[in-house]
Amino acid sequence: PAQEAVEPVKTTREERGEKKDDGLPPGGEWYDARIFTPTLGVMFFKPQELTDSLFLNTEKQIVDGLADRPVVAFIVEGSSARSAGVELGHVLLKVNGVDVRNP
5 PAQEAVEPVK TTREERGEKK DDGLPPGGEW YDARIFTPTL GVMFFKPQEL
55 TDSLFLNTEK QIVDGLADRP VVAFIVEGSS ARSAGVELGH VLLKVNGVDV
105 RNP
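Numbered per my numbering, the sequence shown spans residues 5 to 107.
Now the structure itself:
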């Protein structure tokens with residue numbers, strides 16, 4: 005069974021021993037939280053958003069053929085996706101048997 009997320013713990017700059025010039029706006033506060041929700045560990049993008057990077061040398065016809073299907077563009081090291089062999093450029097077709105067309 006998956007654990008639920010723990011409530012965030014609000015801390016002040018002084019409690020963390022930080023100076024006021026820490027990049028937060030006036031009155032800003034940091035929150036520490038642990039998240040135990042299982043995730044796949046990837047980020048998806050539309051194929052057309054990757055023509056300047058991942059699909060730089062890919063023919064336009066192939067990119068257009070993917071339409072709006074989600075493409076793996078980032079994988080978290082140590083994630084479930086990495087362990088399962090997911091690689092950059094893999095295209096998501098279905099989730100639990102349901103066709104996927106848009107990230």
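For each residue, glycine too, the CB sits at the ideal point set by N, CA and C.
One Cα belongs to Val76, the other to Leu70, and the distance between them is close to 13 angstroms.
Listed as beta-bridge partners of Ile66 by DSSP are no residues whatsoever. Counting of Cβ neighbours within 10 angstroms places Val46 among the buried residues, the total reaching 16 or more. Shortest Cα-Cα distance from Phe78 to any of Thr62, Leu58, Ile66 and Val99 involves Leu58. Non-local beta-carbon contacts of Pro74 in its own chain, meaning distances under 8 angstroms to residues more than five positions away in sequence, involve Phe48, Phe49, Lys50, Val95, Leu96, Val104, Asn106 and Pro107 in chain order.
With a beta-carbon spacing of about 5 angstroms, Ala85 and Leu44 fall inside the 8 angstroms limit used to define contacts. If you ignore the 5 residues before and after Gln52, its C-beta comes within less than 7 angstroms of the C-beta of Val67, all in its own chain and listed in chain order.
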